[in-house]
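Residues in the sequence shown are numbered from 4 upward in steps of one, following our numbering. Take a look at the structure set out below.
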Amino acid sequence: METMKWNNTKDKPIPKDGNLYLGIWKGAFCLLCWDEGFYMALNPADYTGSSEPLDEEAAMKIYYWAELDFPEDWKKP
Numbered sequence: 004m005e006t007m008k009w010n011n012t013k014d015k016p017i018p019k020d021g022n023l024y025l026g027i028w029k030g031a032f033c034l035l036c037w038d039e040g041f042y043m044a045l046n047p048a049d050y051t052g053s054s055e056p057l058d059e060e061a062a063m064k065i066y067y068w069a070e071l072d073f074p075e076d077w078k079k080p
């Protein structure tokens, strides 16, 4: 069984490419996406995107991130 590879944001910043990533923000799992700022969802089941990007201070509290591994037969929207 392969485990998810976590990246420390101090060593490897979160890519600003518009893709969705899993993050750890202040000890909580969240979904992250860059679009002129980091947008975050703490409750992934209700993910619709936040209306405002995180401010610079809040974005500094994203300590780890990981790439999501989607099933091969799943098409990204």
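By construction, the Cβ of each residue, glycine as well, lies at the ideal position given by its N, Cα and C atoms.
Same chain only: Cβ atoms within 8 Å of residue i, ignoring 5 sequence neighbours per side
{"i": "Ala31", "result": "Leu45"}
{"i": "Asp20", "result": "Trp37"}
Residues bridged to residue i [DSSP beta-bridge criterion]
{"i": "Trp77", "result": "Note: Trp77 sits in no beta bridge, so no partner."}
{"i": "Trp68", "result": "Asn10, Gly26"}
{"i": "Met43", "result": "Leu35"}
Candidates the options, of which the one nearest residue i by Cα
{"i": "Asn11", "options": "Glu5, Trp28, Asp72", "result": "Trp28"}
{"i": "Asp14", "options": "Tyr67, Met43, Cys33, Asp58", "result": "Tyr67"}
{"i": "Glu55", "options": "Met43, Lys64, Ile65", "result": "Met43"}
Check whether residue i and residue j have beta carbons under 7 Å apart
{"i": "Phe41", "j": "Ala69", "result": "no"}
Nonlocal neighbours in the same chain, by C-beta distance under 7 Å from residue i, ignoring five residues either side
{"i": "Leu71", "result": "Leu23, Tyr24, Leu25"}
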